[in-house]
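Number of protein chains: 2
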Amino acid sequence: MASYIEVDVKKLGDFVTEVFKKLNVDEEGARVIADVLIEADKRGVESHGVARLKRYVDGIKNGVMIPDAKPTIEKETPVSIVANGNGGLGQVITYEITKKCIEKAKKNYMCFAVIRNSNHYGIAGYYPLMALKEGLIGISMTNTFPLVVPTFGKNALIGTNPIAVGVPADKNPDFLLDMATSTVPRGKLEVYARKGEKIPKVWATDENGVPTDDPQRVLDNLKERRGGGLLPLGGGEELTGGHKGYGLGMIVEIFTGIFSGGSFGPFVYGKKGQPADVCHFVGIINPDAFIGLDKIKEGMDKLQDTMKNSEKAAGKNRIYIAGEKEYELELKYKDRVPVQDKVYATMEEIAREVGVNFDIK
Amino acid sequence: MASYIEVDVKKLGDFVTEVFKKLNVDEEGARVIADVLIEADKRGVESHGVARLKRYVDGIKNGVMIPDAKPTIEKETPVSIVANGNGGLGQVITYEITKKCIEKAKKNYMCFAVIRNSNHYGIAGYYPLMALKEGLIGISMTNTFPLVVPTFGKNALIGTNPIAVGVPADKNPDFLLDMATSTVPRGKLEVYARKGEKIPKVWATDENGVPTDDPQRVLDNLKERRGGGLLPLGGGEELTGGHKGYGLGMIVEIFTGIFSGGSFGPFVYGKKGQPADVCHFVGIINPDAFIGLDKIKEGMDKLQDTMKNSEKAAGKNRIYIAGEKEYELELKYKDRVPVQDKVYATMEEIAREVGVNFDIK
Chain A
118 MASYIEVDVK KLGDFVTEVF KKLNVDEEGA RVIADVLIEA DKRGVESHGV ARLKRYVDGI
178 KNGVMIPDAK PTIEKETPVS IVANGNGGLG QVITYEITKK CIEKAKKNYM CFAVIRNSNH
238 YGIAGYYPLM ALKEGLIGIS MTNTFPLVVP TFGKNALIGT NPIAVGVPAD KNPDFLLDMA
298 TSTVPRGKLE VYARKGEKIP KVWATDENGV PTDDPQRVLD NLKERRGGGL LPLGGGEELT
358 GGHKGYGLGM IVEIFTGIFS GGSFGPFVYG KKGQPADVCH FVGIINPDAF IGLDKIKEGM
418 DKLQDTMKNS EKAAGKNRIY IAGEKEYELE LKYKDRVPVQ DKVYATMEEI AREVGVNFDI
478 K
Chain B
118 MASYIEVDVK KLGDFVTEVF KKLNVDEEGA RVIADVLIEA DKRGVESHGV ARLKRYVDGI
178 KNGVMIPDAK PTIEKETPVS IVANGNGGLG QVITYEITKK CIEKAKKNYM CFAVIRNSNH
238 YGIAGYYPLM ALKEGLIGIS MTNTFPLVVP TFGKNALIGT NPIAVGVPAD KNPDFLLDMA
298 TSTVPRGKLE VYARKGEKIP KVWATDENGV PTDDPQRVLD NLKERRGGGL LPLGGGEELT
358 GGHKGYGLGM IVEIFTGIFS GGSFGPFVYG KKGQPADVCH FVGIINPDAF IGLDKIKEGM
418 DKLQDTMKNS EKAAGKNRIY IAGEKEYELE LKYKDRVPVQ DKVYATMEEI AREVGVNFDI
478 K
């Protein structure tokens, strides 16, 4: 089992900001990346937190991520934006476009933005969270490195392609669904492989495209691109609904890569040493387009209470609402957050490498 | 096995239209309902085709569906509509609002409509198909009778809540995902129960909320509301992604019932002998909001070809695109469509009952 070191959230934020500043990201951009990464750790989504710092540092060094790139708007209507991320850091690019989208939605009831030529943007839920803070409804999707096989296909051609949707509630925590459209992310296979445990047969396929319970085999195959990969939500067969997860993954490729004129499917991260052309979608809806914020909040409370107060299945003691677990963790980790000792050590190394002070406890 | 009778599509349309006219639906409305139902049969979605005719006839007779109701618009912005279906037939209500939404999207780049106080609207894919015919992107969702349990819950509190998304392609058939957010619809359990076969354990739960392989038990429990029901896409456990299907089902309740100020979850069909207060969502997006129709069509062809031409998994010989199977059936059943003999007999009965001529062969 991994052991954890508790660190100070503010100090961690300052440290991550300084790292990115050293790598030629401007002050505001560096703050944004730090905030998106640490938000993930606070919400218990370790895989998308500061554990990723090394990959961003390497991405900038390898020329995949352009540290000082800002988005340019290539097309704009009162309710939409088509943006070019210019190979920049996904968080910096998407934060700025989401801000613009929020302004438009406040004025014109909604705004949908598509962004091409960007990079990994952190947790998909961060951008709906920006909307929620303003009393708006938020949607975000992104395509990713292709790890998922289409139903009946042998090769990983689709990203894990998360969909995030946030809707404000009143007394209850805001609703925030943030889900990969694969059954599980790759990180989950790594956890099982480390423990030497078998995986459920709806998670992944082997090099022949056949569902397997051997996580290490899948990870090795993915690394060597020998075939196989993660399965869409619902698994490998129509019988278990796998074609639906595949369809949802396609929707994300369409709303991000196709609508923006960028890359999709196997073409994302398609050229070594060049920007990855990851594409994002951000949708902001003003509650005034529908019955208004107060009534929506009231309805959301009633919906959530109805689910949570209903009878539990045998052996279960709680029914959750999307985003609730993460919200509770965020309260708990408001000031101090645990990071894996391995991640802590990597950060210490990065500090030395880029030449910033390391004091995050 | 069911045996089938082939009927003439045009004659069937005229017959269904005449039935609804006799039941006090106006000519245009009756045509629309007939078209939505028969479109389902042509696309191979028998459960939503003329097999439903009896339920509509009964719905009108029982006062659950108001045959001459038209939608009224309660709120309108340049890009949104909030409508009251006034207890009318879902197809009539949603067709009219979708037409208005299409006009708005042509002018203002997009339009999202929410509709409350409606009824079963047929296949969710029909309304995106209307958008596709105009070179637009279409989305539709509806809540339904509560048949699905929340993750870790005992009782069926959420609808099967389909999501449909249509995006135009050029040489390939248009992309059309039309999926319930449960692993399977109730009809699938009926098929297995009739054959005396067991069901996969990600389909449904028993009266204690525990996954079961006994379809008859689930159907009986649902009928008596004894607990249990269909499982969300992904099954009953977080391990297999069930919380994601549950989250998607909630999204549909929110976008339909909450945003419209109508009923949601267990409150849909909540009052016997009264309108069901089914709620819908329709979204139309003009491709000009993004990179434009021609480039989107080109991208869609490339995406589809990439999937379809990729290597197949062992034992599989074809990779499908959402909507492709249905499109091929629609071509096949353009003029003549098979209906189950049982359904044929029921239609004959209805013809006698309401007093219209029955000649559909």
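Residue numbers (this note's numbering), protein chains in the order written: chain A, 118 to 478; chain B, 118 to 478.
The C-beta atom is built at its ideal place from N, Cα and C for all residues, glycine as well.
Model, not experiment: these values are computed from the prediction.
**Message:** If you reduce the DSSP assignment to three classes, tell me which class histidine 360 (chain B) lands in.
**Reply:** helix
**Contact set between leucine 350 (chain B) and chain A, taken where Cβ atoms lie within less than 8 Å** = Leu350, Gly351, Gly358, Lys361, Gly362
**Request:** Can you give me the start and stop residues for the alpha helix (DSSP H) that isoleucine 467 (chain A) sits inside?
**Result:** Per DSSP, isoleucine 467 (chain A) belongs to the alpha helix (DSSP H) from 458 to 471.
**Message:** Quick check: what's the CA-CA separation for histidine 165 (chain B) versus alanine 157 (chain B)?
**Reply:** 6 Å
**Message:** Let me make sure I understand the geometry here. Which of A:Gly440, A:Val454, A:Asn260, A:Pro392 has the alpha-carbon closest to that of proline 184 (chain A)?
**Reply:** Proline 184 (chain A) has its Cα closest to that of A:Pro392, out of A:Gly440, A:Val454, A:Asn260, A:Pro392.
**Prompt:** By DSSP, does asparagine 225 (chain A) sit in helix, in strand, or in coil?
**Reply:** helix
**Chain-order list of residues whose beta-carbon lies under 8 Å from that of serine 299 (chain B) (same chain, five-residue window excluded)** = Leu264, Val265, Thr277, Asn278, Leu347, Leu348, Pro349, Leu350, Gly362, Gly366
**Message:** Between phenylalanine 475 (chain B) and chain A, is any beta-carbon pair separated by less than 8 Å?
**Reply:** no
**Asked** How long is the line joining the alpha carbons of arginine 172 (chain A) and leucine 274 (chain B), rounded to whole angstroms?
**Response** 43 Å
**Item:** Candidates A:Gln333, A:Phe137, A:Thr259, A:Lys221: closest to isoleucine 375 (chain A) by CA position
**Value:** A:Thr259
**Near-chain A residues of the segment 264 to 289 of chain B - C-beta to any C-beta below 9 Å** = Val266, Pro267, Thr268, Phe269, Gly270, Lys271, Asn272, Leu274, Ile275, Ile280, Val282, Val284
**Request:** Report the residues of the segment 236 to 264 of chain B with a CB closer than 7 Å to any CB of chain A, ordered along the chain.
**Result:** For the segment 236 to 264 of chain B, which is checked against every Cβ of chain A, not one residue is closer than 7 Å.
**Message:** Using a Cβ-Cβ distance cut-off of 8 Å, determine whether leucine 420 (chain A) contacts chain B.
**Reply:** yes
**Item:** Nearest-angstrom Cα separation, counted from asparagine 236 (chain A) out to glycine 180 (chain A)
**Value:** 11 Å
**Request:** Pull up the distance between the alpha-carbon of glycine 204 (chain A) and that of serine 427 (chain B), whole angstroms please.
**Result:** Annotation: glycine 204 (chain A) to serine 427 (chain B) spans about 28 Å, alpha carbon to alpha carbon.
**Asked** If you draw a straight line from the C-alpha of alanine 406 (chain B) to the C-alpha of glutamate 193 (chain A), how long is it?
**Response** 8 Å
**Per DSSP, cross-strand counterpart(s) of glutamate 123 (chain B)** = B:Pro455
**Request:** Report buried or exposed for arginine 469 (chain A), applying the criterion of at least 16 other Cβ atoms within 10 angstroms of its Cβ.
**Result:** Of the residues assessed, arginine 469 (chain A) falls on the exposed side of the cut-off, its CB having fewer than 16 other CB atoms within 10 angstroms.
**Prompt:** Does the beta-carbon of aspartate 476 (chain B) have 16 or more other beta-carbons within 10 angstroms, so that it is buried, or is it exposed?
**Reply:** exposed
**Item:** Straight-line gap, leucine 129 (chain A) to proline 383 (chain A) (C-alpha atoms, nearest Å)
**Value:** 35 Å
**Asked** With 16 as the cutoff for other CB atoms within 10 Å, does arginine 148 (chain A) come out buried or exposed?
**Response** buried
**Asked** Quick one, are the C-beta atoms of methionine 227 (chain B) and valine 199 (chain A) less than 8 Å apart?
**Response** no
**Message:** So with CB distances below 7 Å, who are the chain A contacts of threonine 215 (chain B)?
**Reply:** Chain A residues near threonine 215 (chain B): none, gap ~17 Å exceeds 7 Å.
**Request:** Count the other CB atoms, across all protein chains shown, that sit within 10 Å of the CB of leucine 448 (chain B); report buried if there are 16 or more and exposed otherwise.
**Result:** exposed
**Prompt:** Do you know offhand how far leucine 410 (chain A)'s Cα is from glycine 378 (chain B)'s?
**Reply:** 11 Å
**Prompt:** With a cut-off of 8 Å, do at least 3 Cβ pairs link the segment 332 to 343 of chain B to the segment 306 to 320 of chain B?
**Reply:** Flag = yes, the segment 332 to 343 of chain B and the segment 306 to 320 of chain B touch.
**Item:** Rounded straight-line distance, which links the Cα of phenylalanine 292 (chain A) to that of lysine 138 (chain A)
**Value:** Between lysine 138 (chain A) and phenylalanine 292 (chain A), the C-alpha separation is close to 34 Å.
**Item:** 8 Å Cβ cutoff, proline 317 (chain B) in contact with chain A
**Value:** With 8 Å as the cut-off, proline 317 (chain B) counts as an interface residue toward chain A.
**Prompt:** Between which two residues does the alpha helix (DSSP H) containing glutamate 193 (chain A) stretch?
**Reply:** It is not in any alpha helix (DSSP H) - glutamate 193 (chain A) instead sits in the beta strand (DSSP E) that spans 189 to 194.
**Message:** Does the contact criterion of 3 or more C-beta pairs under 8 Å hold for the segment 247 to 261 of chain A versus the segment 207 to 224 of chain A?
**Reply:** yes
**proline 464 (chain A) and valine 167 (chain A) closer than 8 Å at C-beta** = One point to set straight first is that residue 464 (chain A) is methionine, not proline, in the sequence displayed. Yes, these two residues count as a Cβ contact at 8 Å.
**Asked** With 16 as the cutoff for other CB atoms within 10 Å, does glycine 387 (chain B) come out buried or exposed?
**Response** exposed
**Asked** So what's proline 332 (chain B) in DSSP terms, helix, strand or just coil?
**Response** helix
**Message:** Going by DSSP in three states, alanine 439 (chain B) sits in which element: helix, strand or coil?
**Reply:** Secondary structure at alanine 439 (chain B): coil, using DSSP grouped into helix, strand and coil.
**Message:** When you compare the CB of threonine 373 (chain A) with every CB in chain B, is at least one pair closer than 8 Å?
**Reply:** Cβ-Cβ to chain B under 8 Å: no for threonine 373 (chain A).
**Request:** Compare the C-alpha of asparagine 474 (chain B) against each of B:Gly255, B:Thr134, B:Ala119 and name the closest.
**Result:** B:Thr134
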